[in-house]
Amino acid sequence: MADDVLTGPRIELDRDACCSSGNCVGAAPEVFDQDEADGLVMLRIQRPPADLTPGVRRAAQLCPSGAIRLVEPA
Ligand code: SF4
53 MADDVLTGPR
63 IELDRDACCS
73 SGNCVGAAPE
83 VFDQDEADGL
93 VMLRIQRPPA
103 DLTPGVRRAA
113 QLCPSGAIRL
123 VEPA
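Each residue of the sequence shown is one higher than the one before, starting from 53 at the first, in this note's numbering.
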């Protein structure tokens, strides 16, 4: 599907696991944000374009709580 060519993995967040470290925002600020009230992770883009995939993968690797799960395109 063309959509899969143009986009990277879909991102699933476990906000209950998030410890508000902010590593994901540092790795991919175009994709991740933190709630101003509690610091918990929020998504700017549900399924980012492929050119942002390296930062998304880095964010998932750097997350200390395993709160970022990447679902690869089928
Ligand atoms: S890196 Fe993980 S724990 Fe830190 S804010 Fe992002 S999702 Fe939450």
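C-beta atoms are modelled at their ideal positions from N, C-alpha and C, and glycine is treated no differently.
With respect to 7 Å, is the separation between the Cβ of residue i and the closest non-hydrogen atom of the ligand SF4 below this value?
| i | result |
| --- | --- |
| L114 | yes |
| I63 | no |
| V93 | yes |
| I120 | yes |
| G86 | Per the sequence presented here, residue 86 reads as Gln, with Gly not at that position. Under cutoff, so the answer is yes. |
Would you report the Cα separation of residue i and residue j, rounded to the nearest angstrom?
| i | j | result |
| --- | --- | --- |
| V108 | E82 | 9 Å |
| V77 | P61 | 17 Å |
| S72 | L65 | 12 Å |
| A69 | T59 | 26 Å |
| L114 | A80 | 11 Å |
| L95 | F84 | 5 Å |
| R99 | A112 | 14 Å |
| P116 | A126 | 27 Å |
| L104 | G91 | 22 Å |
Quick check on the DSSP output: what are the complete alpha helix (DSSP H) runs of length 4 or more inside the stretch 79–116, in order along the chain?
105–114
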